[in-house]
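Here is the structure we will look at.
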Amino acid sequence: MRPIDPVEFAKAPTTGGSARVSEAVARALRARLGDTSAHAPARPRDPAPSRAAYRFNRLWLTPSFRFFMRRMAPVLAIAGCVGLWFVDTDNRMAFHDTVAEVKRDIQNRPEFMVKLMAIDGASGELSEDIREITSLDFPLSSFDLDLPGMLEQIEGLDAVAEAGLRVRAGGILQIDITERTPAVVWRGPHGLEMLDVDGHRVAALEHRVDRPDLPLIAGVGAERDVAEALAILKAAAPIMPRLRGLVRVGERRWNVVLDRDQVILLPEEKPLGAMAQVMALDQAKDILSRDVKAVDMRRPDRPTLQLTEAAQDEMRRLQGVELGVSFR
Amino acid sequence: MTDLYAAQRAMRNMRKAALQRGVVAILDVGTSKIACLVLRFDGDGFVGGEGVGALAGQSSFRVIGAATTRSRGVRFGEIDAMAETERAIRTAVQAAQKMAQTRVDHVIACFSGGHPRSYGLDGQVEVEQNIVSEQDVARVLAASEVPDYGPHREVLHAQPVNFALDHRSGLSDPRGQAGQNLAVDMHMLTVDGAVIQNLLYCIKRCDLEVAGVASGAYVSGISALVEDEQELGAACVDMGGGSTDVSIFMKKHMIYADSVRMGGDHVTSDIAMGLQIPAATAERIKTFYGGVVATGMDDREMIEVGGDSGDWERDRRTVSRSEVIGIIRPRVEEILEGVRDCLDAAGFEHLPSQQIVLTGGASQIPGLDTLAPKILGQQVRIGRPLRVQGLPQAATGAAFASAVGLCLFAANPQDEWWDFEIPTERYPARSLKRAMRWFKDNW
Numbered sequence: 001m002r003p004i005d006p007v008e009f010a011k012a013p014t015t016g017g018s019a020r021v022s023e024a025v026a027r028a029l030r031a032r033l034g035d036t037s038a039h040a041p042a043r044p045r046d047p048a049p050s051r052a053a054y055r056f057n058r059l060w061l062t063p064s065f066r067f068f069m070r071r072m073a074p075v076l077a078i079a080g081c082v083g084l085w086f087v088d089t090d091n092r093m094a095f096h097d098t099v100a101e102v103k104r105d106i107q108n109r110p111e112f113m114v115k116l117m118a119i120d121g122a123s124g125e126l127s128e129d130i131r132e133i134t135s136l137d138f139p140l141s142s143f144d145l146d147l148p149g150m151l152e153q154i155e156g157l158d159a160v161a162e163a164g165l166r167v168r169a170g171g172i173l174q175i176d177i178t179e180r181t182p183a184v185v186w187r188g189p190h191g192l193e194m195l196d197v198d199g200h201r202v203a204a205l206e207h208r209v210d211r212p213d214l215p216l217i218a219g220v221g222a223e224r225d226v227a228e229a230l231a232i233l234k235a236a237a238p239i240m241p242r243l244r245g246l247v248r249v250g251e252r253r254w255n256v257v258l259d260r261d262q263v264i265l266l267p268e269e270k271p272l273g274a275m276a277q278v279m280a281l282d283q284a285k286d287i288l289s290r291d292v293k294a295v296d297m298r299r300p301d302r303p304t305l306q307l308t309e310a311a312q313d314e315m316r317r318l319q320g321v322e323l324g325v326s327f328r
Numbered sequence: 001m002t003d004l005y006a007a008q009r010a011m012r013n014m015r016k017a018a019l020q021r022g023v024v025a026i027l028d029v030g031t032s033k034i035a036c037l038v039l040r041f042d043g044d045g046f047v048g049g050e051g052v053g054a055l056a057g058q059s060s061f062r063v064i065g066a067a068t069t070r071s072r073g074v075r076f077g078e079i080d081a082m083a084e085t086e087r088a089i090r091t092a093v094q095a096a097q098k099m100a101q102t103r104v105d106h107v108i109a110c111f112s113g114g115h116p117r118s119y120g121l122d123g124q125v126e127v128e129q130n131i132v133s134e135q136d137v138a139r140v141l142a143a144s145e146v147p148d149y150g151p152h153r154e155v156l157h158a159q160p161v162n163f164a165l166d167h168r169s170g171l172s173d174p175r176g177q178a179g180q181n182l183a184v185d186m187h188m189l190t191v192d193g194a195v196i197q198n199l200l201y202c203i204k205r206c207d208l209e210v211a212g213v214a215s216g217a218y219v220s221g222i223s224a225l226v227e228d229e230q231e232l233g234a235a236c237v238d239m240g241g242g243s244t245d246v247s248i249f250m251k252k253h254m255i256y257a258d259s260v261r262m263g264g265d266h267v268t269s270d271i272a273m274g275l276q277i278p279a280a281t282a283e284r285i286k287t288f289y290g291g292v293v294a295t296g297m298d299d300r301e302m303i304e305v306g307g308d309s310g311d312w313e314r315d316r317r318t319v320s321r322s323e324v325i326g327i328i329r330p331r332v333e334e335i336l337e338g339v340r341d342c343l344d345a346a347g348f349e350h351l352p353s354q355q356i357v358l359t360g361g362a363s364q365i366p367g368l369d370t371l372a373p374k375i376l377g378q379q380v381r382i383g384r385p386l387r388v389q390g391l392p393q394a395a396t397g398a399a400f401a402s403a404v405g406l407c408l409f410a411a412n413p414q415d416e417w418w419d420f421e422i423p424t425e426r427y428p429a430r431s432l433k434r435a436m437r438w439f440k441d442n443w
């Protein structure tokens, strides 16, 4: 049985401190029973902070210290822990591996896979070329596609004027191509080549007869003035069936070569005017169908005709008849 | 005078630095309690408008922390057990800091012990250039004859009270006025040097910088006397725990201070001895049932005084309230007689106004307002300190008169002797000011 503790029967504290008396009695009884747990009367608690507590309290109330402890210290502690963990090479490798694996998993999700390539606006041959140079084996993650690099590659093709590259919904790599249209055939140092209006190479040509619809230009530097050549050809439309081609002479002016080895020498400046003049002469006097070897328009104010040998002889004979003499 | 008052000048600079920082602590080291207030000075605040005063300069600060703790190791307003006092100061400062949520480094302290002694000084000097300059003021202050106040005593306050120029007296600021003969009256208060040293050392041990020390009599007068009383002349009696301070104000300057080394603690010890009870019980009986005027009702009101003698059955003594009053009254009368002696010694009866204001913790005893006029004269009132912004309700009582007065003292301190310029003659021989003066004299 539990011994009776008189404290339980003590009166509630009243004015005059009677409770204290009963406490004293209780203490005496407990001491007699040998209960040593609470025999010493506790000294009244000292409310004064110790020197260290006081100093720490003041330190804690210092704004800069407070800011450091509350804002900087947690950050520093976390950074320190992470740094200590990373000091170990194995940990570092494991971390990098995990990151790489997660990255790969995400990139290879079906949402990001590109399954096929669609090429719009390119002829069959050109699309074959494009497929060849990009050389992608689908399916492929769209993160692995180097779109700018591919665009550069595709635009590097001669036949491509402009290209657009995008990954369409549904995992399709869409390539929009604007092809160059060949305007002339150029007989250059590497054989026959087709050029567009700007003189840019479109493709090589095996035989002239493959593209009889395109005019022929030749001579050094002809490819740099394709636009002018085209203008001259347009001016020469009336004699188009007879036209063989245009020759660039000395990288400065054009010769129009007709069949029967006829040549129209155009001046360096305003060749179109000179060409129109020749056309007018041809329409009025029909000179090009005559026995003329060359029409020299290099000085537009003084067109010069060069006759063939036979024509010269005939002319000389006719002059002799006129004068009544014979050269024979 | 150059190195004399160097400590006071250093304190002045410290106070300026504290006001610059904006937070300063007020420490009232009393015999029965230590009060600490934390003040925040934030700019000018409300400076008063049309017809509204600036609240005696107290609108510039706000009390943001207040704490009070039972004083330990202080007797008669003097530090008796330094380690105990230091702990009590630490308790008060830490609690006030906690309430203010800021750290305070500068402390302005006041105490009431140390046998304050007042001296009236006067000096007279010829004005140099017909118009009173700062230098003339400095010279006249230097010319006032310092009495031999004895060794081991220190000057606590030295305030110019009155300036007189030729036949005109009562000037508060003579600078720029024309005249020949400048005279000054000063009031100097000295206290025991060791008491100040002990207090400063105690505060320093708490990692605090002292930004000023004031006499308890002076600061309780600032807070308990209203402006008119300070202007027309009045005495403030701060009845504390261990000592009762008397200060006489005239024209807003303190002209006399003294202390009676008796207070509320003596009343408590009388009760404890008379009734044979512990001091804590005696204090409790004093505050609950105390008084100085007994009525018939008090004979029937019985107070239970347990003796804590361990004999619970027998020790059930009771006393009537009139018995308690019978113990309290002679001691209060004795204190008031002492105050009367102080006032007589100061020549208070010659002052135009005979107003006496009782304040301090012991002035709260019921019936004092009927007892005091019988001893001190008819114009007696019980004063409570001025209300300052942010002061908790618990700290607005009469016991906090000197703490509140110290707040006002910190907000706009009066110019003391050491706040004026130093006369150039007193500068060291190689000083630049001295060279300037030589040029002025010879050109």
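Sequences listed follow chains H and E, in order. Per UniProt numbering, the first sequence starts with residue 1, numbered consecutively. Per UniProt numbering, the second sequence starts with residue 1, numbered consecutively. Don't be surprised by glycine CBs; every beta carbon is placed ideally from N, CA and C.
The C-beta distance from residue 246(H) to residue 233(H) rounds to 7 angstroms, short enough to fall under 8 angstroms. A distance of 8 angstroms or more separates the beta carbons of residue 122(H) and residue 206(H).
Residue 407(E) is a Cβ neighbour of residue 63(E), given a cutoff of 8 angstroms.
Interface annotation for the region 62-79 of chain H against chain E: 62, criterion Cβ-Cβ distance under 7 angstroms. Between residue 379(E) and residue 355(E) a beta carbon distance of about 5 angstroms is seen, short of the 8 angstroms cut, so the two are scored as contacting.
The beta-carbon distance between residue 296(E) and residue 328(E), rounded to whole angstroms, is 18 angstroms. This is too long to meet the 8 angstroms contact definition. Cβ contact annotation for residue 149(E) (same chain, cutoff 6 angstroms, sequence separation greater than five): 190, in chain order. Note on residue 87(H): under 16 other CB atoms within 10 angstroms of its CB, so exposed under the neighbour-count rule. When the Cα atoms are used, residue 33(H) and residue 38(E) turn out to be separated by approximately 53 angstroms. Boundaries for residue 28(E): no alpha helix (DSSP H) harbours it, while the beta strand (DSSP E) harbouring it runs 23-29, taken from the DSSP string. Under the Cβ criterion of 8 angstroms, residue 88(E) is counted among the residues facing chain H. For residue 129(E), no Cβ of chain H is located within less than 8 angstroms of the residue's own Cβ. The Cβ atoms of residue 319(H) and residue 292(H) lie no closer than 8 angstroms to each other. The Cβ atoms of residue 183(E) and residue 123(E) lie closer than 8 angstroms to each other. For residue 49(H), the chain E residues whose C-beta falls within less than 7 angstroms of its own C-beta are 90, 91, 94, listed in chain order.
The DSSP-derived three-state label of residue 152(E) is coil.
Around the C-beta of residue 139(E), 16 or more other C-beta atoms lie within 10 Å, and the residue is accordingly described as buried. Residue 76(E) sits buried, since 16 or more C-beta atoms from the chains shown fall within 10 Å of its C-beta. Residues 137, 138, 141 of the same chain have their beta carbon placed closer than 7 angstroms to that of residue 420(E), with the five preceding and five following residues left out of the count. In the structure shown, residue 107(H) adopts helical secondary structure according to DSSP, grouped into three states. At a cut-off of 8 angstroms between beta carbons, residue 32(H) makes no contact with chain E. Taking residue 220(E) as the centre and dropping the five residues before and after it, the same chain places the C-beta of 236, 238, 245, 247, 359, 360, 385, 401, 402, 405 closer than 8 angstroms to its C-beta, in chain order. Looking at the backbone, the Cα of residue 27(H) and that of residue 311(E) are separated by about 14 angstroms.
Contact between the region 206-224 of chain E and the region 105-122 of chain E is present, with at least three C-beta pairs closer than 8 angstroms.
Around the beta carbon of residue 210(E), a 10 Å sphere encloses 16 or more other beta carbons of the protein chains shown; the residue is thus reported as buried.
Taking 8 angstroms as the upper bound on Cβ-Cβ separation, chain H lies near residues 94, 97, 98, 101, 102, 103 of the region 94-109 of chain E.
Interface annotation, residue 45(H): not in contact with chain E, CB-CB separation never under 8 angstroms. Secondary structure remark: continuous beta strand (DSSP E) runs of at least 3 residues inside the region 258-327 of chain E, in chain order: 302-305, 317-320. Contacts with chain E at 8 angstroms (Cβ-Cβ) do not include residue 27(H). Proximity of the region 190-202 of chain H to the region 220-239 of chain H meets the contact definition, three or more beta-carbon pairs being nearer than 8 angstroms. Residue environment: residue 418(E) is assigned as buried (16 or more neighbouring CB atoms within 10 Å of its CB, all protein chains considered).
Any Cβ of chain H closer than 8 angstroms to the Cβ of residue 68(E) would place that residue at the interface, and such an atom is absent. Per DSSP, the continuous beta strand (DSSP E) segment holding residue 192(E) begins and ends at 181-192. As the crow flies, the alpha-carbon of residue 181(H) is around 20 angstroms from that of residue 152(H). In the structure shown, the three-state DSSP call for residue 255(H) is strand. For residue 57(H), a Cβ of chain E is located within less than 8 angstroms of the residue's own Cβ.
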